[in-house]
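Trainee:
Protein chains: 2
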Amino acid sequence: MERYNYLITQMQKCFLSSRNLGFCFFLLFLGCFSDVVYAQRNDDSIQIRKIFDMALADGKAYENLRTLCKEVGCRISGSPAADSAVGWGYNLLKEMNVDTVYKQAIMVPHWERGNMERAKVFHDDTKLNITALGGSVATNGSLKAQIVVANGIEDLDRLGEKQIKGKIVLFNKPFDPRIINSFEAYSACVGQRYSGASKAAEYGAVAVLVRSMTQKFDNNPHTGSMGYTNELNKIPAAAISTEHADLLLSKLEEKPDLIVVLKMNCKSFPDKQSYNVIAEIKGKTDPKTVITVGGHLDSWDIGEGAHDDGAGIVHSIELLRLIKANGYRPRHTIRVVLFMNEENGNRGGKGYAKWVKESNEKQLMALESDAGGHTPRGFSISATDSQYSSIASYRNLLEPYGCHVFRKSDWGGGVDINPLKLDKELTINPDMILLGFLPDGQRYFDFHHAASDVFENVHKRELEMGAGSIGAIVFLIDKYF
Amino acid sequence: MERYNYLITQMQKCFLSSRNLGFCFFLLFLGCFSDVVYAQRNDDSIQIRKIFDMALADGKAYENLRTLCKEVGCRISGSPAADSAVGWGYNLLKEMNVDTVYKQAIMVPHWERGNMERAKVFHDDTKLNITALGGSVATNGSLKAQIVVANGIEDLDRLGEKQIKGKIVLFNKPFDPRIINSFEAYSACVGQRYSGASKAAEYGAVAVLVRSMTQKFDNNPHTGSMGYTNELNKIPAAAISTEHADLLLSKLEEKPDLIVVLKMNCKSFPDKQSYNVIAEIKGKTDPKTVITVGGHLDSWDIGEGAHDDGAGIVHSIELLRLIKANGYRPRHTIRVVLFMNEENGNRGGKGYAKWVKESNEKQLMALESDAGGHTPRGFSISATDSQYSSIASYRNLLEPYGCHVFRKSDWGGGVDINPLKLDKELTINPDMILLGFLPDGQRYFDFHHAASDVFENVHKRELEMGAGSIGAIVFLIDKYF
Chain S
20 MERYNYLITQ
30 MQKCFLSSRN
40 LGFCFFLLFL
50 GCFSDVVYAQ
60 RNDDSIQIRK
70 IFDMALADGK
80 AYENLRTLCK
90 EVGCRISGSP
100 AADSAVGWGY
110 NLLKEMNVDT
120 VYKQAIMVPH
130 WERGNMERAK
140 VFHDDTKLNI
150 TALGGSVATN
160 GSLKAQIVVA
170 NGIEDLDRLG
180 EKQIKGKIVL
190 FNKPFDPRII
200 NSFEAYSACV
210 GQRYSGASKA
220 AEYGAVAVLV
230 RSMTQKFDNN
240 PHTGSMGYTN
250 ELNKIPAAAI
260 STEHADLLLS
270 KLEEKPDLIV
280 VLKMNCKSFP
290 DKQSYNVIAE
300 IKGKTDPKTV
310 ITVGGHLDSW
320 DIGEGAHDDG
330 AGIVHSIELL
340 RLIKANGYRP
350 RHTIRVVLFM
360 NEENGNRGGK
370 GYAKWVKESN
380 EKQLMALESD
390 AGGHTPRGFS
400 ISATDSQYSS
410 IASYRNLLEP
420 YGCHVFRKSD
430 WGGGVDINPL
440 KLDKELTINP
450 DMILLGFLPD
460 GQRYFDFHHA
470 ASDVFENVHK
480 RELEMGAGSI
490 GAIVFLIDKY
500 F
Chain X
20 MERYNYLITQ
30 MQKCFLSSRN
40 LGFCFFLLFL
50 GCFSDVVYAQ
60 RNDDSIQIRK
70 IFDMALADGK
80 AYENLRTLCK
90 EVGCRISGSP
100 AADSAVGWGY
110 NLLKEMNVDT
120 VYKQAIMVPH
130 WERGNMERAK
140 VFHDDTKLNI
150 TALGGSVATN
160 GSLKAQIVVA
170 NGIEDLDRLG
180 EKQIKGKIVL
190 FNKPFDPRII
200 NSFEAYSACV
210 GQRYSGASKA
220 AEYGAVAVLV
230 RSMTQKFDNN
240 PHTGSMGYTN
250 ELNKIPAAAI
260 STEHADLLLS
270 KLEEKPDLIV
280 VLKMNCKSFP
290 DKQSYNVIAE
300 IKGKTDPKTV
310 ITVGGHLDSW
320 DIGEGAHDDG
330 AGIVHSIELL
340 RLIKANGYRP
350 RHTIRVVLFM
360 NEENGNRGGK
370 GYAKWVKESN
380 EKQLMALESD
390 AGGHTPRGFS
400 ISATDSQYSS
410 IASYRNLLEP
420 YGCHVFRKSD
430 WGGGVDINPL
440 KLDKELTINP
450 DMILLGFLPD
460 GQRYFDFHHA
470 ASDVFENVHK
480 RELEMGAGSI
490 GAIVFLIDKY
500 F
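So the protein sequences, as listed, match chains S and X. Numbering-wise, the numbering used here puts 50 at position 31 of the first sequence, and it's gapless, one number per residue. Numbering-wise, the numbering used here puts 376 at position 357 of the second sequence, and it's gapless, one number per residue.
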């Protein structure tokens, strides 16, 4: 009530003095305007409360994640499980009685891990926990070689051909524990995983082992994508668990010329057809303008793809349920896309952007949830200054839910949605808004691309809080843009 | 540099116009002042970065927690394990080479769970997972009775003596999932655990079972303190797991007059002597003014007391290490207190406040970490408006570490430290500052007072981030107050 008291007092003064009738009307206008803003924000906070109530007290995200993880399981592009995931997503969305559900065909890479991936120290038979990196070639039987240790890809020049030739390079650059944002710690190391094999091959290496991309000290090797720069430098590449990377290092101290034996029979096959799965609720006032919200349906072929990116998939599906259950008709068309092939090709993301360009469709905003199902912290926001200011003004509305870090970012919002804005050949609107959902990241790389990325490691309430947060921000952007 | 450009431009204008030399000097002063403030804040952010670097790259909190959980184990007041915990804390602090380490004797309650706590449904022998509430009396052999269900303590009046007399009351009020802050959800239910037995006894109940205080649906019963209002209403009280509360409800639907058999042989004994363990780094400029930082050394007698409150104990110990390792001499005396008996009596907290009062000692601030070892979100702050404004101005310095919710609170900072300020008979300074460390709370009640509160459920980096956050806020308050 203080707001009113102040205005009334000022107006009384104006009338009494009769000196400034214009200012008095200005105050009257201000009063009405502030009423409108106040009522709007009050309305918004009621709507957001409803969204969270539905996500927390009657949420479906957790049970949907259970079926995706336990009935479909891990689902690498091109696999029968990826086909099942497409069917699972399509059927689930169909049951939700939204306006449209369809699939968008794309061709995806097809790589298979095979049934053998083993490593051991030759002289004492110590088993090393490894897993092939996605896209790696096989060893063609046993590959035996000495080890040379490189502290990241940038260390290869120092070592040179003399020390590398004929050996297996152990890329051992760890996450820097001082980096607070674990995604930044990942970015600082992931070069050795993606490009390490090709670079090492240029110096004559015969294979690479890469310290797993995680801060956790355990025995899970973490896979992930890698690529070769040409046909000549295709050497086998595998991740080694952090515990066994350290074990190997300690053995190397005793016996620097020890030999490691590596066997992998992974293989690439011709591309296969797959699909993005898409569902829409048509906009009421501006149906031709689209808000895209998504995660990726594919996962790596170990674990269950629970945090990466089952969480993003069920967050996105839950958004449609929350809108329907809330009886809210959005202004713009809300389109949920379950992208295929984020992990090793991004064919789904690029295919979607291409299709949007060909349709010359106006995209207002795209949001991706692909940073896990942990407790919400906020959003990364790729937007113009004025768009950012508007979005940042919603921060107070999200603060009661702990999701109020609104970080301006040039990086975009997620691998799948970034081509819509950041790929110069594909974008039609370099000023569209990209949002990335930012859950707490301290635990994410414990599970990322590892056998431990299973349903049991996702927390029900944290997952549901994420669904509420995404529901809230989409509601606000749809309403005010 | 923008700041400088603006000031220089303004000063040039002043000199050129020669009209306002006073204003010009004011700007000059402002420039110098803003330099001082800027340099200070820059210094602060460097210091805080150092604190976090040491907590994350060279932290000892996690390994200390491992020994407390695995070598000492759970440690209820009055138990041999609590004595071991005192010894563990005292020796560890002694090894740290701080200025003073000593123990403060207190008398603590002594209750033992006994070796039998069982419940089953009589007609079909279904086992129910229960655990006695701390302080409960035994059943004296088998106690057999029908069940009446109460939706919280407030439901007893509705049921009345007619429905309650001779029966076991199942208090079944669940956490409200819509409440974002899980500590608030807990507060709304915990009355049935603490006072349910006495209130139900007034209506003639023969025992109570209380739905476990957790949002998690699993088979762990969660113990916790309860109290009787007088000798006449002492009836046995136990917690039942959420899964088995629901199981019992479903069985009651089929057979409302089913009988539950309860056997517990827990017992109270005379008080025993125990200790708060205390360590200090003397202040450089104002050694007589004390900043108290603590957690509680006792835990419940199931699980390992890892989150509750092993985390707070190792956070507090780590603070002293960080100060020493940083080579920083605090202005005020930093006193770490490992409080005894928070869980079932708060004798340590009250004893400490009494001792502070008797010494007429000036306490500037007390901080408690007793909300688990999860990822930091901020602090609850009990302070005057002007103290709060000063502390809130540090928020930007903590924002890069995700610990920037600075919540003004009348509740205090923690059970152990609250008597210093909030107990009218014990306080000598109702204007001192109380801070409660606030980690993310979504998972806390999964483990709280249950067998699952073990070391493995504490995340290394999250724990270390907490130590850094506490180190940072203590550094700032010591510096600026």
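Think of the CB as a built atom: it goes at the ideal place given N, C-alpha and C, for glycine as much as any other residue. All values reported here derive from a predicted model rather than from experimental measurement.
(1) Please give the ranges of any alpha helix (DSSP H) in the stretch 308-374 of chain X, keeping only runs that are unbroken, at least 4 residues long and fully inside the region.
(2) Taking C-alpha atoms, which residue in L441(X), L357(X), A325(X) and Y347(X) lies nearest to E475(X)?
(3) Could you work out which residue in F500(S), Y499(S), I496(S) and R480(S) is closest to D195(X) when comparing CA atoms only?
(4) By the three-class DSSP mapping on this structure, what secondary structure does I198(S) have?
(5) Of the residues M115(S), P395(S), Q123(S) and L441(S), which one's Cα is nearest the Cα of V105(S)?
(6) Beta carbon of R350(X), beta carbon of T394(X): below 9 Å?
(7) Please classify V296(X): does DSSP put it in a helix, a strand, or coil?
(8) Do A169(X) and Q211(X) have their CB atoms nearer than 9 Å?
(9) Counting only beta-carbon separations shorter than 9 Å, does Y371(X) have a partner in chain S?
(10) Enumerate in chain order the residues of its own chain whose CB-to-CB distance from Q182(S) is below 6 Å, with the five nearest sequence positions on each side excluded.
(11) State the Cα-Cα distance for the pair K307(X) and E377(X), rounded to the nearest angstrom.
(12) Could one say the Cβ of A76(S) lies closer than 9 Å to chain X's Cβ atoms, at least one of them?
(13) Can you find a C-beta in chain X that's less than 9 Å from the C-beta of I199(S)?
(14) In the DSSP assignment, what are the bridge partners of F398(X)?
(15) With a CB to CB cut of under 6 Å and the five nearest residues on each side skipped, what residues in its chain are close to Y25(S)?
(16) Report yes if the C-beta distance between L339(X) and V355(X) is below 9 Å; otherwise report no.
(17) Taking all protein chains shown into account, do 16 or more other C-beta atoms lie within 10 angstroms of the C-beta of N249(S), making it buried, or fewer, making it exposed?
(18) Please classify R4(S): does DSSP put it in a helix, a strand, or coil?
(19) Would you call the stretch 237-245 of chain S and the stretch 261-270 of chain S in contact, with 3 or more CB pairs under 8 Å?
(20) Say whether the stretch 113-131 of chain X touches the stretch 291-303 of chain X, bearing in mind that this needs 3 or more beta-carbon pairs closer than 8 Å, one atom from each stretch.
(21) On the criterion of 16 or more Cβ atoms from any shown chain inside 10 Å, does S96(X) qualify as buried, or is it exposed?
(22) Using a Cβ cut-off of 9 Å (strictly closer), state whether P419(X) contacts chain S.
(23) Using 8 Å as the cut-off, can you tell me whether the stretch 312-326 of chain X makes contact with the stretch 379-394 of chain X, which would need three or more C-beta pairs spanning the two stretches below that distance?
(24) Taking L152(S) and A298(S) to be in contact with their CB atoms under 8 Å, please state how far apart those CB atoms are, rounded to whole angstroms.
(25) Kindly indicate the opening and closing residues of the beta strand (DSSP E) around W107(X).
(26) To test your reading of the DSSP string, which unbroken alpha helix (DSSP H) runs of 4 or more residues are found completely within the stretch 126-204 of chain S?
(27) Return the first residue and the last residue of the alpha helix (DSSP H) that V209(X) is part of.
(28) Per DSSP, V120(X) is paired with what?
(29) Exposed or buried, S269(X), counting other C-beta atoms within 10 Å across all chains shown (16 or more means buried)?
(30) Would you list the residues sitting across from Q66(S) in a DSSP beta bridge?
(31) Tell me whether the beta-carbon of Y499(X) lies closer than 9 Å to the beta-carbon of S409(X).
(32) Rank R426(S), L112(S), S161(S) and E362(S) by C-alpha distance to the C-alpha of H315(S) and give the top, closest one.
(33) For R480(X), list the residues DSSP reports as bridge partners.
(34) Please classify A58(S): is it buried, with 16 or more other beta-carbons within 10 angstroms of its beta-carbon, or exposed?
(35) Counting along the chain, where does the beta strand (DSSP E) carrying R230(S) start and finish?
(36) Following the continuous alpha helix (DSSP H) through E272(S), name the residue where it begins and the one where it ends.
Mentor: Here's the rundown:
(1) Listed in chain order, they are 330-344.
(2) In this structure, A325(X) is the residue among L441(X), L357(X), A325(X) and Y347(X) with its C-alpha nearest to the C-alpha of E475(X).
(3) Comparing Cα positions, the closest option is R480(S).
(4) Residue state, collapsed to three classes: coil.
(5) Taking each of M115(S), P395(S), Q123(S) and L441(S) in turn and checking the Cα distance to V105(S), the smallest one comes out for Q123(S).
(6) No, Cβ-Cβ distance for R350(X) and T394(X) is not below 9 Å.
(7) Strand, per DSSP.
(8) Cβ atoms of A169(X) and Q211(X): closer than 9 Å.
(9) At a cut-off of 9 Å between beta carbons, Y371(X) makes no contact with chain S.
(10) Here the set comprises V167.
(11) The alpha-carbon atoms of K307(X) and E377(X) are separated by roughly 14 Å.
(12) Yes - at least one Cβ of chain X is within 9 Å of the one on A76(S).
(13) Yes, contact with chain X.
(14) Residue pairing by DSSP puts F398(X) in a beta bridge opposite F425(X) and F456(X).
(15) Confidence in Y25(S) is poor, its pLDDT being 39 and thus under 50, which makes the residue's placement too unreliable to answer from.
(16) L339(X) places its beta carbon less than 9 Å from that of V355(X).
(17) So N249(S) ends up on the exposed side.
(18) Only positions 20 to 500 of chain S appear in the structure, and residue 4(S) is not among them; the question remains open.
(19) Enough Cβ pairs lie closer than 8 Å, so yes.
(20) Touching, yes, given that three or more Cβ pairs across the two stretches are closer than 8 Å.
(21) Counting Cβ neighbours within 10 Å, S96(X) comes out buried, since at least 16 surround it.
(22) Taking 9 Å as the threshold, the shortest C-beta distance from P419(X) to chain S falls below it.
(23) Below 8 Å, enough C-beta pairs join the stretch 312-326 of chain X and the stretch 379-394 of chain X to call them touching: three or more.
(24) Actually they do not touch by this definition, with Cβ atoms about 33 Å apart.
(25) Judged by DSSP secondary structure, W107(X) falls outside any beta strand (DSSP E) and instead within the alpha helix (DSSP H) spanning P99 to E114.
(26) Secondary structure remark: continuous alpha helix (DSSP H) runs of at least 4 residues inside the stretch 126-204 of chain S, in chain order: 175-183.
(27) Membership of V209(X) in the alpha helix (DSSP H) is indicated by the continuous run V209 to Y213.
(28) Note: V120(X) sits in a beta bridge opposite A298(X).
(29) Under this definition S269(X) is an exposed residue.
(30) Beta-bridge pairing links Q66(S) to no other residue.
(31) Against a cut-off of 9 Å, the Cβ pair of S409(X) and Y499(X) comes out as a contact.
(32) Per the Cα distances, E362(S).
(33) The beta-bridge partner set that DSSP reports for R480(X) is empty.
(34) Counting other Cβ atoms within 10 Å of its Cβ, A58(S) stays below 16 and is therefore classed as exposed.
(35) Run containing R230(S): A226 to R230, per the beta strand (DSSP E) assignment.
(36) Run containing E272(S): T261 to E273, per the alpha helix (DSSP H) assignment.
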